[in-house]
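Its first residue numbered 86, the sequence shown is counted upward by one per residue in this note's numbering.
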Amino acid sequence: MASPYFAGQSKMVTVKKGDTAIMQCEVKGDKPINVVWLRNGKHELNPSTNYRVSIKQDATPEGISAEVQISNVDSSDSGAYFCQASNLYGRDQQLVQLQVQEPPQPPSSLEAATVSSRVVNLKWQPRGGDAAEVSKYVVEYREIDRQWQYIEIADPPAYSTIIEGLKPATNYVFRIVAEGPAGRSSPSQELFIKTDPQRPAGPPLNLGARPVSSTEILVSWMPPSYELRHGEIQGYNIGYRSMHATGSSYNFTSVSGDGEDGTGELLLANLAKYTRYTIVAQAFNQVGPGPLSEPVTAQTMEDVPSRPPEDIRCMAQSSTSIQVSWQPPQAHHTNGLLQGYKVFYECATEDAIATGEMETRKTTSLTVHLSNLRKFSNYSIQVLAYTRMGDGAISPPAFCHTDEDAPEPPADIKIAISSPSSLYVSWLPPRDPNGIITKYNLYMRAVNGREELNNDKRNLQAHQHHFEAKQLQSHTEYQFWVSASTRVGEGKSSRVVSQQTSNRVPAKIVSFGGLTVRPWKSSASLNCMAVGQPRREWFKGDTLLRPGTQHNVQLLDSGEIIVTMLQTGDTGNYTCQVDNGIGTDRLTHHLLVQVPAGPPVLYVTSATSSSILLHWKVGSTGNAPITAFSLHYRRVHGNLEEMQLSRHAASHDLKGLYCGSTYQVYLVAHNKIGSSPASTTLNVKTQGQPPGVPPDSVLIAPNSSSVVLRLNGWPDNGCPIMYFVLQYRSVSGGLDDEWHLVSNALKPQRRFTLAGLLPSTMYRLKMEAHNVAGSTNAEYTFWTLTKDGDPPPPELVQRGHRSQIFYNNIQLLIPIIITITATIICIAFTVVCYKYRQRGRQRKDTMESQQTTDAQRDRYYATIHKVALQAGDKIPETSEDISPYATFQLSEASTLAQPHHSGPANTLLHSFMYHERAMTEGCASPPPAAVLRLHNQSPYYNINSSKGRRRHSRKTEPESEESDSDPDQLTSSRTESSNQLDAKMKHSKDLDAVAGGPPGDHGYNPNHYMRSIPGLIYHGTQSSTSSDLSPMSEQKSLPRRGRSRYHHLHLHTTNTTPRHKSSKAQSPLASPRSSCQNDNVPIQLPRMPSQFRPIHSSRTIGSTNSRLSPNC
């Protein structure tokens, strides 16, 4: 017999957190053995109460093997467990110590000690006392949206490490995991790090260039590869140089923007025409520029030659031909492949200019032979080169003269009898002298029929155009002809003229007429040489010219007429008529005065963004050929420019103008006399307008710390944008919200990045776009994204908009203030007008009330006698039951009782009457002290009498209601004369005087002892009442229609003692106008309060117009 026992007293079981803990014990002893597992020696482990616990027992030859399993253990399961065994002979227990091992806590304070472009130095701190349990650390890192990478840090464990091989300007996520015997900890808090940037390692991609004009090349490119950018690309440097300029450096132009949305572009302008360029590109970021790209080449397009041919020479080959030679323009001015040359030539003589046209010859050589020219004439020659794009610049004119030749025959010849033995011969010079006339050759011969008697030749000077042959045979026929000679020789002779001598000498003109051309403001001499001593007459047209009739016409005795200071009006036909009785003759001169040309008619055919096509029509030439045109133009508010145009031109394309600008253009024509007046000045606008305004969705692309401006989306409206002015400021309401100028000359580019902004912040952007047509201002508001690249929260956006809409918009604030001020003024004005109208209406109502009273003067009213008040009469319950003139008794205890009356005999009879106005005539004595004390004790003592005055001023509305009288009362009626109403009106005026105020003002006046006591009119001790008929009962009864809704209630206090005889004599009815002492004082009262209950059976229907108390 043996009790249970264990081989050992205790054992240790170690398990990792989350695993299943297995604890076993071997019990030896006599069976049956009962085994129980206890935690901490107290709590039994039971699978029925803990689902993680499972127990099993197995019999062994020496006893029992017991086992308990706890699944998914954690630190709370650590502790002492006892395996307790018992049998019939005793008990024993074994301690099993369970230790649950947990993974280490994640490291804390993870931070970057240093960060460079490719290396990050990390450091951290272990969590709590777990440092000894950590066997190593694992560093996990990755790029955003990439796979994790791992670095293990083994013995001895360190708290820092260096991560190498990173990419520049790349966002990384780092975290640390601690690893111990029980496993790995959860990762530490993630650390986001962006490595520093480096210069770009790659050039821009897909660099290309293509010409768009003769002076422009469009360059395009793509951003470098993403992994080679090493930062945020801020722009590009585009370099170009001419291929002919070997050894020269590139000319670089910077372009801002990263080109993320596609191809970057730059238009290279002002390049040489038809020139090949080498172009390179490089990207740059905030660190610096990257490598250059491989160069590309592009050539600008062809254009017309910008310079004319050089060294133009000409030489006369004969009298009708000229040889012209030249040299081509310099190569850098040809602007393309020369296709040939054009030679323009024309005769420069005046008559040729008036009739001839400029002739053109084309050639591909550098010389040309011009033939079929006019003899001995000056020629203007110009040469230009042309390409397939058109004609180039034309050279200045070169002048060459053809050689001399024999002249043409004289233009005309005349012969006339000058005496019986003389003949007079005259002639005109040749129309084409073909040189300088050196002499004239005059041939003469005498003939008799067909027989030639003799001949003669005379050489005359070049200026001589007439000859008189004398001593001739009478009645003999003579023949004459003339030829001219030059340095080359004698020219052709004129026609032969013949004349027979005679004794009769008829009048005949030997001068020549025809066209005479003279310039403006000069003089013209018109000859009329005649033989036969005739009488001469000059006509201008059909008008006979007499001496002194025209101030600029002189008639000489020689027959010559001189016209001085020639004007346009002097142009015309001048006719000379001669007559000597034997014969008559006529000669006509056509005088043509040359004046400056008239203004041409200028008009516009079309306009582009940089040119204006002009056409014109020549007006009056001024009787002289047009030699040239001057085109004057200027931009509005600019300088005037002048351009000389050929006399043959009828149109001109004015190029090189500013886009979208207004130009003033006029044309002037020139002839040899002078310049014409200017044509009508035309205001012509080239196509194009100031820049437009793009929507913010097209222009702005915000990021977390920058905003990208897509400047290529800004509409130029036909005129290229020259530059931008860019400013920005934050809209946070702080004091530092000032405008920051980014650039006042930002070049047009595809994209521009504005960096250095704060995340989740509202900014205001102010931009100005400038082109030659003008400028446009635009303002935009945008929000930067959050740090994570997300749009800002809607509530933040709304709050930001609300904070700036009202206070920042002065254009909205000022109209609101003006509107509020105007509204207050209008309301105040309306109130003042309303009060003014109310006062006017009150005055009008008062006048109407008085007119109504006058209309009632002749009305008759019945009166009734007052009867004694019977005890026990019922007091009406409502104020409507109270008659306007009801009377009732008041007991001694009443506050209205007079103190000096006592006993039953002192019962007072009171009467309440509604009146519009209380008046007492002739009563100047003050009330007794009892009345004053009664007034002070009245509950209406504090009522302001001014209210009553205001109420009196209101208009009353008549009511139609008949007064009822009791059938038991004796009634009598009498006629009341109209003078009673007059007395009543006088009472009202007297009462106003007693009150010490103006008429109608019945306020309390202490100087006259007037008291306003509601509901009470005092009657003196001399007053008495009875049920008998008396004059007091003869009161006029007014209907209620005329009663105002603000009535005065009069209380008549009556003494019940027997009436003295003297009282009748002192009755005011006996002597209505007599004064009385100690009379009743009328007290104006408001509407009767409800606590007064009049007696129905004792009503007095009296006249509301009767304002007298019984004693007055």
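Using N, Cα and C, we set each Cβ at its ideal position, and we do this for glycine too.
- Annotation note: the segment 239-288 contains the following uninterrupted beta strand (DSSP E) runs of length 3 or greater, listed N- to C-terminal: 245-248, 256-265, 276-279.
- By alpha-carbon distance to F277, the top candidate from L600, T363, A254, P481 is A254.
- Boundaries of the beta strand (DSSP E) harbouring S791: 791-794, taken from the DSSP string.
- Counting only the Cα atoms, T861 lies some 53 Å from N708.
- Excluding its 5 nearest sequence neighbours in each direction, K872 has C-beta neighbours in its own chain below 7 Å: S789, P844, listed in chain order.
- Beta-carbon to beta-carbon, H675 and L600 are separated by about 5 Å, close enough to satisfy the 8 Å threshold.
- In this structure, the straight-line span from the alpha carbon of R631 to that of S504 is close to 30 Å.
- DSSP places Q94 in the coil class of the three-state scheme, outside both helix and strand.
- The segment 565-576 makes contact with the segment 514-529; the number of CB pairs closer than 8 Å reaches 3 or more.
- When C-beta atoms of the segment 665-683 are compared with those of the segment 745-752, fewer than three pairs fall below 8 Å, so the two segments do not count as touching.
- In summary, E237 is exposed, with fewer than 16 beta-carbon neighbours lying within 10 Å of its beta-carbon over all protein chains present.
- As for any alpha helix (DSSP H) of minimum length 4 sitting wholly inside the segment 365-431, the runs are 416-419, ordered along the chain.
- Counting along the chain, R631 sits inside no beta strand (DSSP E), nor does DSSP assign it H or E at all.
- The alpha-carbon separation between T660 and E536 amounts to approximately 40 Å.
- In the three-state scheme derived from DSSP, where H, G and I count as helix and E and B as strand, F914 is classed as helix.
- Scanning its chain for C-beta atoms nearer than 8 Å, with the 5 sequence neighbours on each side dropped, one finds around F867 the residues D781, I785, P787, V792, M847, Y848, L850, in chain order.
- A check of alpha carbon separations from D436 across Y430, S462, T771 identifies S462 as the nearest.
- In the structure shown, the three-state DSSP call for R928 is helix.
- Residue range 599-604 is occupied by the beta strand (DSSP E) that includes V602.
- In this chain, the alpha helix (DSSP H) harbouring E312 covers 311-314.
- When the beta-carbon positions are compared, S270 and P211 stay at least 7 Å from each other.
- For K920, the secondary structure class from DSSP, reduced to helix, strand or coil, is helix.
- Between the beta-carbon of L742 and that of S691 there is about 13 Å, and that puts the pair past the 8 Å contact cut.
- Per DSSP, reduced to three states, the secondary structure at V510 is strand.
- In the structure shown, the three-state DSSP call for I438 is helix.
- Here I901 carries a helix assignment [DSSP, helix/strand/coil].
- For D476, the enclosing beta strand (DSSP E) stretches over residues 475-479.
- By alpha-carbon distance to G759, the top candidate from I711, P800, I806, R543 is I711.
- By the criterion of at least three beta-carbon pairs nearer than 8 Å, the segment 361-369 is in contact with the segment 299-308.
- Scanning R516, P515, L545 for the CA closest to the CA of M529 turns up L545.
- Distances from the alpha-carbon of M386 to those of E196, I498, K358, L881 put K358 closest.
- Here Q179 carries a strand assignment [DSSP, helix/strand/coil].
- A buried status is given to D655, since no fewer than 16 other beta-carbon atoms sit within 10 Å of its beta-carbon.
- Taken through DSSP and simplified to helix, strand or coil, N797 comes out as helix.
- Shortest Cα-Cα distance from K141 to any of S150, L811, N135, T134 involves S150.
- The straight-line gap separating the alpha-carbon atoms of A592 and Y464 is approximately 46 Å.
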